[in-house]
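One structure below.
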Amino acid sequence: MTNTGDKGDMLKVRMDAVTLSMMDTARAYLKLDKSKFIRESVREKAEAVIAEHQKTKFSAEDWTAFFGALDAPAAPTRRMKKAAAKFRDLQR
Numbered sequence: 004m005t006n007t008g009d010k011g012d013m014l015k016v017r018m019d020a021v022t023l024s025m026m027d028t029a030r031a032y033l034k035l036d037k038s039k040f041i042r043e044s045v046r047e048k049a050e051a052v053i054a055e056h057q058k059t060k061f062s063a064e065d066w067t068a069f070f071g072a073l074d075a076p077a078a079p080t081r082r083m084k085k086a087a088a089k090f091r092d093l094q095r
C-alpha cells in the first residue's frame, strides 16, 4: 500500500455517546487529534484482522502428521533420487 501524500478519502462516522466519550478519553491520554486517533485505530485493527486471516491454521491431526513426517521421514522414491541427481548435475 502506498501513501500518495494527499489527504485521502473522507470518512464520516456515527458514534454513540459512550463510544465517543471513550474515544475522547483514550485520545487525550495519547495526545492525538480525532483524525489521527481514528486512522491509527483503524489501521491497527485492519492489520490484526488481515494477519489473523492470512495465518495457516492446522488441526490436531495436521500437526500430528506434520511432526510425524519430521520424526520419521519417508524413504526417497526413485523419482526423488533422480531429481536430486539432476539437481546435483545442474550445480556443477
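Be aware that the sequence shown starts at 4, since it is given in our numbering, and climbs by one per residue. Glycine included, every Cβ here is placed at the ideal spot set by N, Cα and C. Being a predicted model, the structure only gives us computed values, none of them experimental.
Just the C-alpha distance for residue i and residue j, rounded to the nearest angstrom, thanks.
i          : j          : result
residue 61 : residue 70 : 12 Å
residue 67 : residue 57 : 22 Å
residue 35 : residue 23 : 14 Å
residue 96 : residue 88 : There is no way to answer for residue 96, as the model of the chain reaches only from 4 to 95.
In three-state DSSP terms, what is residue i?
i           : result
residue 129 : No answer is possible for residue 129: the residues shown for the chain start at 4 and end at 95.
residue 81  : helix
residue 12  : coil
residue 44  : helix
residue 30  : helix
Just to check my reading of the structure: residue i and residue j have Cβ atoms closer than 8 Å, yes? What is that Cβ distance to the nearest angstrom?
i          : j          : result
residue 30 : residue 37 : 7 Å
residue 40 : residue 25 : That belief does not hold up - the Cβ atoms of residue 40 and residue 25 are roughly 11 Å apart, past 8 Å.
Near residue i, what residues of its chain come up, given a Cβ to Cβ distance below 8 Å and the 5 sequence neighbours on each side ignored?
i          : result
residue 33 : 40
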